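Chains as they are written, first to last, in the numbering used here: chain D, 176 to 583; chain W, 55 to 403; chain S, 1475 to 1743.
Built from N, CA and C at the ideal position, the CB exists for glycine as well.
Source: prediction; values computed, not measured.
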Amino acid sequence: MSSDGARAGQRVRRQNLLMAAMVAPLVLFIVFIFLWPVARFLWLAVDNSDMTGNLSRTFAAIGEWRPADGPPPEPVLAALVEDLAEARANGRDGVLAQLVNQRLVGTRYLVIRTAKDASEGKFDMRPVSEVLLAAHPGWNDPALWSEIIRASGTVTDYYLLGSLDLQRSADGGIERVPADRAVFLDALLRTVWISIVVTVICAVLAIPLAQAIVSAPPSWSRLIFALVLFPLWTSLLVRTVIWIIVLQKNGPVNAALVFTGLVPEPLTLIYTRFSLYIAMVQVLLPLMVLSLVSVMRRVPTSYMKAALSLGAPWITAWRRVQLPLIMPGILAGAAIVFVFALGYYITPMLVGGPGDQMISSYIAFYTNTTLNWGLAAALSVQLLLILLLAALLFWTARALTRRRGALA
Amino acid sequence: MLKVRHSLAIVALLTASISCAQAADAITVVGWGGNWDKAYKEGVWDKYTEQTGIKIVQEEWGGELAKIRAQVQSGSITWDLVSPEAPSVEIGCAEGLFVPLTPEITGDPTKYHPGTIMECGVASDTWATILAYNADAIPGEGPKTWADYFDVEKFPGKRGMLSQAQYTLENAMMADGVAPADVYTELRKPGGVDRAFAKLDTIKPHVVWWSSSTQAMQNLASGEVVMTDQYNARITNDIVNEKKNYKIVWEAGFFYGTDMWSVVKGSPNEKAALDLLKWFSVPENQAGFSKLYAYGTGRVEAAEYVPAEWLKNLPTSPEHAKYGATYDTQFWVENKEALEARFKAWLAQ
Amino acid sequence: MKAASIRSTAMYAYAVLLLAFILVPLLIIVPMSLTSGNSLAFPTPGYSTRWYQELLDDPRWFSSFINSVVVALAATFFSSLLGIPAAIGLVWGHFPGKRIVYAVVAAPLVAPVVIVGVAAFSFFAAAGMTGSLWALILTHTALAVPVMLTTVVASLQGFDRTLVRAAASLGAGTMRTFFKVILPLIAPGVVSGAIIAFIISFDEVVVASFLTTGEQRTLPRMIFSGVRESVSPAIASVAVLLVLFSALLLGVIAWLQGRAARMRAGAAS
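Put into structure tokens, the structure is as follows:
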């Protein structure tokens, strides 16, 4: 008996091991093809190895020397030319020059040219200070050396601070960047604001629609529901492009407005915040309806009927009885819409104006156009944190409404 | 078992078709797309293929050095000959992304227009960003200066403007009374950039921003804007081919820049691409592009192969060149990232 | 009662209005794409199929379509390969950490797609894989596999495991049991999941815009660069074709689900 049981137990264990083994490839795939690349990219937000790796001798030679002590001493400059020659040999001088130029605009050519001269052996003599400073006087600039010294850590907070319009001041404290360089806080607030507006519009529009879907006779209900969900099957890009066509100056909407005499001449509808809201709502509305309907279908109609039979006006009954019951659906839908909206990129880019771009478009800009991957990664970290925060908020709100529901 | 074999066949098929999508035995040339590519194909590349039998595959890009850096650093290089703007060639050359060119390839460097030959590139074309207006929308006396362009009382109507700092700040400085040759001196002074932005503030509500020249040309055609900044060949193209009543105001002042041909270091067809460049450095071969598209060439003698009547449309022709100045490569290499970020913030305000 | 009927009429009127907002743009571009003019002005000056002809004539549209199909088929294949066994393991197996597995697999669903694209670009560039379609296929597989997994998990939940034991006791091997017993029964779920996976990959543009250039360009990538240049009637024609394509695939899924429901009903009776 007992050996039979043991054998059965063994078989179950082996079975479970097999099942776990069937799950493993998928998990490994996601970890290696998805999570690892994302983590590796996000790490660039604090990674400083392009600085420390290419200027290792210079940082070692700098030691306790500070620009305030006087001009850069010979060992520092000698280490510098060795570092730059090596960076050029490795093809890293361009990256290094870009990084230095980000911190002090106007130094890119200084670094590139010094590296080129160094690799051609023009600075092989020792002492080198006099020749180097005569050829490239830019290395006399105390501001440049302050920036280099500040960038000597293995990790850097430069990009994370930069993504919040902050920087390190001369004494090492944190300060706001000058107003003309402040870009990202505005973009951040704009992104959150657009997402909130879209979420609210979606909720307000979807609630009556979902109500209509659940209270219609079954065949109608299915039809309306299918039609509402149909756009989910068409590509986001196509739906966005369609809005450009529909809202353009000589498009159907303007034609109708002019034809009916509502406006004397075509309006500028496209490439505005208005067109962005329209397009985003149309794209995201089905998701809101989907989560509302799935909750509403589970809510018994008897509560509403009871409230109405007790003589409550319909709207009061709905607000006091139905709304709390469907709140979890609203919150779930809002969470989905809000989280998706935060990451929008294609739609703002194609139907929004220059003042309607969201964080994602800045991430793409710094990745593609200026190659500032550190800043792109810092902005990505920021976006993911907001996303997590939003998810946490919705989760808490849902837990709270649940508890209130249970108490009532 | 049959099904397993089926799926194996599918995998094999997919693998085959995926590998097929990779570059074949031909030189891959990366240009600026649209009519630019078309003119290069008809005026230059087809001739080369005809003479040598070597196939040329055209691709287009937006000049992002990022893409080349990614290809070179990863070692999977699919582009052979690319056309970046001069500043990018300078940076890419310093970084070792491009092959340095010898006079054996380029011919005598002194026979090129200034700025059209560099260590790692020879000019593919010299273009200008000019002021143009629709003479149907502005009958009679048109704008003469960039100050007129910024004057919405004198010339009512919307303006088209490229939505980036590069080129736009220069136009604003000219509108503020700075001569083209002095623009970068002024921009480099403390407060110089502020001055340009202050000037842009005055026109902001009247601007329709564009990011592709096709958009800008559509806006000019539809009357959405009455004048616009634009690459000169786009305007000439529509005047000649579509009989549009547009005018280019060369005398308002303009800047010209140069796109280069550079060979990507380590490309599988490096040798073939260098041979192609050598062939291209013959003036007559270069002229094939300028004859079809109103941009200037690198070699001075190439002008001899361009009809005199058409030569007037090129920014490098003597009658226009005196109003122009060249873009300052170094200024933009060092300031681009900071100024474009500031410009984006300014636009969003 | 009268108030109630007014209310329900108002509700339906509202539903129709909102449906119009959601659907009319998808319909109105059909006549617009059939314009004989050079631009997308409305009303259209006349009708012709010239812009559809243009799509056929331009080899770039065709080759980008082929690329999209290849990538989407490959991504579907790989997400089935990974997703189906994983779904079986998750539903039938008893082992710790299932919640973590679900969380890991759901990550591609919620991550902002720009971050996915940028991360994939820097990763595959370092790996030397940006020159082929493989980078795109693998990333699309990661984006599609969560949906594949959920649909198969759902169809397994109503599955009677005694059938598997019966097959095993009759001497069928694991592979044979899988192909002859399990797969046919969960087939509707697998096919629905596969179609959705196909659509996810086929429609995806952001990752494609980071990972592909020139000859590897996919159809959405082609539309995207076309739109940024100018919105031409050719773009509208592609849009119409893509909407029709989606409708077709949706029809297949609806039919499959109807069949599955009938089969279940038949089995129950």
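Cα-Cα separation, residue i to residue j
i         : j         : result
D:Pro200  : S:Ala1560 : 8 Å
W:Thr103  : W:Leu274  : 37 Å
W:Lys92   : W:Val176  : 20 Å
W:Ser128  : S:Gly1602 : 4 Å
S:Ser1542 : S:Ile1611 : 10 Å
S:Val1680 : S:Phe1536 : 20 Å
W:Ser130  : S:Ala1682 : 18 Å
D:Gln457  : D:Val421  : 13 Å
D:Leu203  : S:Ala1735 : 35 Å
D:Pro242  : W:Ser137  : 42 Å
D:Gln185  : D:Tyr537  : 56 Å
W:Met215  : D:Gly530  : 15 Å
W:Glu144  : D:Asp292  : 15 Å
S:Glu1678 : S:Thr1692 : 9 Å
W:Asp162  : W:Ser344  : 20 Å
D:Ala553  : D:Asn276  : 18 Å
W:Trp386  : S:Phe1539 : 39 Å
D:Ile237  : D:Ala326  : 12 Å
Within chain D, the residues that residue i reaches when beta carbons sit closer than 7 Å
i         : result
S:Ile1709 : Val416
S:Arg1481 : Trp489
Expected contact under 8 Å - CB spacing of residue i and residue j to nearest Å
i        : j         : result
D:Ile534 : S:Leu1493 : In fact, because the Cβ distance is near 32 Å, the residues do not count as touching under 8 Å.
W:Lys408 : W:Leu151  : No statement about residue 408 of chain W is possible, as the shown extent of chain W runs from 55 to 403 and does not include it.
Amino acids of chain W, ordered along the chain, whose beta-carbon sits closer than 8 Å to that of residue i
i         : result
S:Glu1703 : Gly87, Gly88, Ser266, Thr268 and Gln269
S:Gly1520 : Those within 8 Å of S:Gly1520 in chain W number zero; the least Cβ separation is about 20 Å.
Neighbour flag for residue i against chain W, beta carbons, 8 Å
i         : result
S:Ala1549 : no
D:Arg301  : no
D:Gly228  : no
S:Ala1440 : Residue 1440 of chain S falls outside the range modelled here, since chain S spans only 1475 to 1743, and no answer is possible.
D:Gly313  : no
D:Pro529  : yes
S:Gly1688 : yes
D:Val421  : no
Test: residue i CB closer than 8 Å to a CB of chain S
i        : result
W:Ala306 : no
D:Gln497 : no
W:Ser316 : no
D:Ala551 : yes
W:Lys121 : yes
W:Thr383 : no
D:Pro439 : no
D:Gln457 : yes
W:Ala77  : The pLDDT assigned to W:Ala77 is 40, lower than 50, so where the model puts this residue is not dependable; a value taken from the coordinates is nonetheless given after this. Taking Cβ atoms only, chain S reaches closer than 8 Å to W:Ala77, which makes this a yes.
Partner residues on chain S for residue i, Cβ-Cβ distance less than 9 Å
i        : result
W:Gly129 : Gly1602
Chain D residues whose Cβ lies nearer than 9 Å to that of residue i
i        : result
W:Ile145 : Gly269, Ala272, Gln273, Arg283 and Ile287
Chain-ordered chain W contacts of residue i [CB-CB under 9 Å]
i        : result
D:Lys424 : Ser276 and Glu278
D:Thr545 : Ala120, Lys390, Glu391, Glu394 and Ala395
The ligand FMN heavy atom lying under 7 Å from the CB of residue i
i         : result
S:Leu1514 : Among the components modelled here there is no ligand, and therefore nothing to report on the ligand FMN.
Within chain D, partners of residue i - CB distance below 8 Å
i         : result
S:Tyr1488 : Pro383, Leu384 and Ala387
W:Leu401  : Pro529 and Gly530
Chain D within 8 Å of residue i, Cβ atoms only
i         : result
S:Ser1596 : yes
S:Ala1734 : no
W:Val58   : Interpretation of W:Val58 is limited by its pLDDT of 49, a score under 50 that renders its predicted location unreliable; no figure is taken from the coordinates.
S:Thr1613 : yes
S:Pro1694 : yes
Interface residues of chain S facing residue i [CB-CB closer than 8 Å]
i        : result
W:Trp115 : Thr1687
D:Tyr520 : Pro1586, Val1587, Val1588 and Val1680
Neighbour list for residue i in chain S, Cβ cutoff strictly below 7 Å
i        : result
W:Gln272 : Ser1704
Going residue by residue through the region 1645-1696 of chain S, where are the continuous alpha helix (DSSP H) segments of at least 4 residues, counting only ones entirely within it? 1648-1651, 1657-1677 and 1680-1685
List in chain order: all unbroken alpha helix (DSSP H) runs of 4+ residues lying wholly within the region 475-551 of chain D. 477-484, 489-492, 498-517, 521-526 and 534-543
Counting only runs of 4+ residues fully inside the region 235-292 of chain D, write out the alpha helix (DSSP H) ranges in chain order. 249-264 and 268-278
4 or more residues per run - each alpha helix (DSSP H) lying fully within the region 120-151 of chain W: 140-149
Which runs of the alpha helix (DSSP H) at least 4 residues long sit entirely within the region 1599-1653 of chain S? Give them in chain order. 1608-1631, 1636-1643 and 1648-1651
Let me know the alpha helix (DSSP H) ranges lying completely inside the region 315-353 of chain D, each 4 residues or longer, listed in chain order. 317-325 and 333-337
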